[in-house]
Amino acid sequence: MIKLNEIYKTAKGYNPKRERVDVTYGLRELYVNPSHIVLARENEELRHANAESSIIDDLSPEARFSEVIISSQGQSSRIVDVVASPSQIAHLCRGE
Numbered sequence: 126m127i128k129l130n131e132i133y134k135t136a137k138g139y140n141p142k143r144e145r146v147d148v149t150y151g152l153r154e155l156y157v158n159p160s161h162i163v164l165a166r167e168n169e170e171l172r173h174a175n176a177e178s179s180i181i182d183d184l185s186p187e188a189r190f191s192e193v194i195i196s197s198q199g200q201s202s203r204i205v206d207v208v209a210s211p212s213q214i215a216h217l218c219r220g221e
C-alpha cells in the first residue's frame, strides 16, 4: 500500500455576486494498492487555483496535483485528486 494525500472539495453554497458555487478544500490520507492505479495525470485546474490563492492553509503555491484513476477487478473505477505529481506517484508505486 502507498499513502497519498487526497484533496477534496466541499460546496459552501451559491455565491450570487460571483454567479457560482463557492467551495472549500480539505486533505485526507488515502492508502492505495499501487497495482490498482491505472492512470495518473497532472491536474492543471487545481495547480492554477492554488497558484492564484492557496486553496489550503500552508500549502505551497508550487504544489503539484494529479488526478488518479483507481480500479480493481470487479469494481467500478474511482477518480481521486491527490497532492503529488504523476512522477512522484510513479516513484511511490516503484517503492522509491
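In terms of this note's numbering, the sequence shown opens at residue 126 and continues consecutively. Glycine included, every Cβ here is placed at the ideal spot set by N, Cα and C.
**Report entry** C-beta contact flag for S191 and S178 at 8 Å
**Finding:** no
Report task. Scan the region 175 to 216 and note each continuous alpha helix (DSSP H) run of 4 residues or more that stays entirely inside, going in chain order. Result -> none
Query raised in the report: Helix, strand or coil: how does DSSP classify E170 here?
Result: helix
**Report entry** Contact under 8 Å by Cβ, N140 with D147
**Finding:** yes
Query raised in the report: Any idea if D183 is buried or exposed, counting beta-carbon neighbours within 10 angstroms, 16 or more meaning buried?
Result: exposed
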